[in-house]
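Participant:
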Amino acid sequence: MAVLNLKPHTLDYQVAQPGRELENGDFVEGSKEWVSGCIRCDAVPLNGKATEVKFEDGTTKVCSYVVYLDKNVRDFFLGELVRIHLYGGAVKVGKVKGFVRYQMQCKLWV
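Per our numbering: the sequence shown = residues 132 to 241.
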């Protein structure tokens, strides 16, 4: 008997540390690192191409994927960089265009 995996993909997100200024006035750039493999998800392409999505605030943005997440996932913010590891090995990278928390799940538009 086969078991259906409802969340076959994983979602990574990038954490950026801000730059800082040293005592001598030199600026040191911040670092960026990926937090990997900890968020299970279901990434669904929108008609196989980029599609315009109208959000609750009245804005319209071009999105390629809708990502369904568990209800207890962290909050994502507009413009945050995410990486989706799709079933089969493909990897897609994009920016968060929208995030909504519902009672039983969360939706993320990339």
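All C-beta atoms, glycine included, are put in the ideal place defined by N, C-alpha and C. Given the structure is predicted, the values throughout are model-derived calculations rather than measurements.
(1) What does DSSP give as the partner residues of residue 141 in its beta bridges?
(2) Find the nearest neighbour of residue 199 within the set 212, 176, 191, judged by alpha-carbon distance.
(3) Could you please give the first and the last residue of the uninterrupted beta strand (DSSP E) stretch that includes residue 183?
(4) Under 8 Å by Cβ, that's how I've got residue 140 and residue 217 pegged, so tell me the actual separation to the nearest angstrom.
(5) Rounded to whole angstroms, what is the Cα-Cα separation between residue 240 and residue 232?
(6) For a test of the three-state rule: what should DSSP assign to residue 233, helix, strand or coil?
(7) Need the endpoints of the beta strand (DSSP E) that residue 226 sits in, please.
(8) Would you identify the three-state DSSP class for residue 190, choosing helix, strand or coil?
(9) Hey, how far is the Cα of residue 235 from the Cα of residue 170?
(10) Assuming residue 194 and residue 181 form a contact by the criterion Cβ under 8 Å, report the distance between their Cβ atoms to the nearest whole angstrom.
Facilitator: In brief:
(1) 171, 216
(2) 176
(3) 182–185
(4) 5 Å
(5) 12 Å
(6) coil
(7) 222–226
(8) coil
(9) 16 Å
(10) 7 Å
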